[in-house]
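Residue numbers (our numbering): 78 to 375.
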Ligand SMILES: [Zn+2]
């Protein structure tokens, strides 16, 4: 496979927005694919207006205040406002913004809007690359890259505070499947007795991180710095441009649905057992066996 990229952002001057960070470039690259090739330059000049009026180098830092300033800016043509609004909507529904307060005023339905984006992206990329996993390669991690993370995860000693902090972010995104926004907003009073309780969810920490987070001297992880920590982790293990979203997008590829409880678990062998050649999750396996409800045949 010579080229897995959706298209060449870097090589097409008409699509470049100057002064944005790598994560924003990566976001923009996917956002463009929601448009036909011919309309992308027009979208780009609209996005450049954001930089003209709002001096920020990262899309993640855009706020509702920026959104309302831009959409009320009478000097921006209506057609461009439409693209700007669309980018904000994209950032919002894919949870790429650091601060979402205020956006509830827009009444954007995440699932609905996401499915519209996905449909357009699919439509505009299917001719370029029919292999879905490949076309998403820019947005998720390869098996080899994940192995680098797992190896590091397994090799770091529990008392290596600095690296354990980095790993916490990987653990929270990948193993706990926490929302990036949830992690970013985490505070220490939400963590107690090995459980993280957020507004919407509860997460059980494994014993490794339960112990780590209960140590008084580690209670200074700046959770809001998730992007920096993940990027640092990427540099250590040798993955260029590692963002939280890339890890998040990879979870699905490592997930299997249990045919009994219908819950999705990571495809790690120790989370699964086999009954008569079919795999079921460990919990269901134990229940089925103790209930004696399934006969094991040889
Ligand atoms: Zn199950």
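Quick reminder that beta carbons are idealized off the backbone N, C-alpha and C, glycines included. Note that the structure is a prediction, hence the values are computed from the model and not measured.
- Take the alpha-carbon of residue 230 and the one of residue 298: they are about 18 Å apart.
- Beta-bridge pairing by DSSP links residue 349 to 358.
- The alpha-carbon of residue 369 is positioned some 14 Å away from that of residue 353.
- Rounded to whole angstroms, the gap between the alpha carbons of residue 246 and residue 303 is 7 Å.
- Cβ neighbours of residue 124 within its own chain (closer than 8 Å, five residues either side excluded): 94, 105, 160, 161 and 164.
- When DSSP reads this structure, residue 334 sits in a beta bridge with 341.
- According to the DSSP assignment, residue 274 belongs to the beta strand (DSSP E) that extends over 272-274.
- Take residue 146, set aside five residues on each side of it, and the residues of its chain with a beta-carbon closer than 8 Å to its own are 130 and 131, in chain order.
- The Cβ atoms of residue 181 and residue 256 lie no closer than 8 Å to each other.
- Taking a C-beta distance under 8 Å as the contact criterion, residue 194 and residue 169 do not qualify as a contact pair.
- Between residue 92 and residue 139, the C-beta gap is not smaller than 8 Å, which leaves the two residues out of contact.
- Proximity of the beta carbon of residue 183 to ligand 1 is not indicated: no heavy atom of the ligand is located closer than 7 Å.
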